[in-house]
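Before any comments, here is the structure.
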Amino acid sequence: MKPVVSAFNAWTCIVISIFGIIILSTIGGMFATNHHSMMGSTEDPPDGKKVATAVFGAVVVYAVFLLFCGCQALMHKRQSGRGEIALR
1 MKPVVSAFNA WTCIVISIFG IIILSTIGGM FATNHHSMMG STEDPPDGKK VATAVFGAVV
61 VYAVFLLFCG CQALMHKRQS GRGEIALR
C-alpha cells in the first residue's frame with residue numbers, strides 16, 4: 001500500500017491529535033463532574049453530562065485521526081528503504 005498523505009502531514013496530524021485528545025479529555029472530564037470552572041456561570045449549559053458526551057465524541061474522532069495518521073507514518077517509515085516490501 002502507498003501512503004495517502006505526506007510524511008510531514010502524517011506527523012503533524014499525530015501531534016495535533018495527541019494534543020486534541022489531551023485537552024478535550026480534560027474539558028470533557030470537567031463537564032462530566034460539573035466542575036465549578038465550567039458550570040459556575042449563568043451562561044453555562046444546564047446539563048454538563050450532555051456537553052461531556054459531545055466533547056468525548058470529539059475525542060473519539062481525534063483518536064480515529066491518530067490511528068489513521070499513525071498508520072500513514074508507519075507506511076512512510078517502511079518505504080524509506082528499510083523494510084520496504086516490493087513486489088517486482
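Residues in the sequence shown are numbered from 1 upward in steps of one, following the UniProt record's numbering.
From the three backbone atoms N, C-alpha and C, an ideal C-beta is built for every residue, glycine too.
Keep in mind it's a predicted model, so treat the numbers as computed, not measured.
Residue i versus residue j - alpha carbon distance
i	j	result
residue 60	residue 80	30 Å
residue 52	residue 37	14 Å
residue 46	residue 23	22 Å
residue 7	residue 73	6 Å
residue 2	residue 78	10 Å
residue 40	residue 30	12 Å
C-beta atoms of residue i and residue j nearer than 7 Å
i	j	result
residue 34	residue 48	yes
Unbroken alpha helix (DSSP H) run spanning residue i, endpoints
i	result
residue 12	7-32
residue 37	36-39
residue 77	48-79
Cβ distance (whole Å) where residue i is taken to contact residue j below 8 Å
i	j	result
residue 76	residue 10	6 Å
residue 63	residue 27	No, residue 63 and residue 27 are not in contact; Cβ-Cβ is about 15 Å, not under 8 Å.
Mind the definition here: the segment 7-26 touches the segment 61-70 only if three or more C-beta pairs lie below 8 Å; say whether that holds.
-> Judged by Cβ distances under 8 Å, the segment 7-26 makes contact with the segment 61-70, as three or more pairs qualify.
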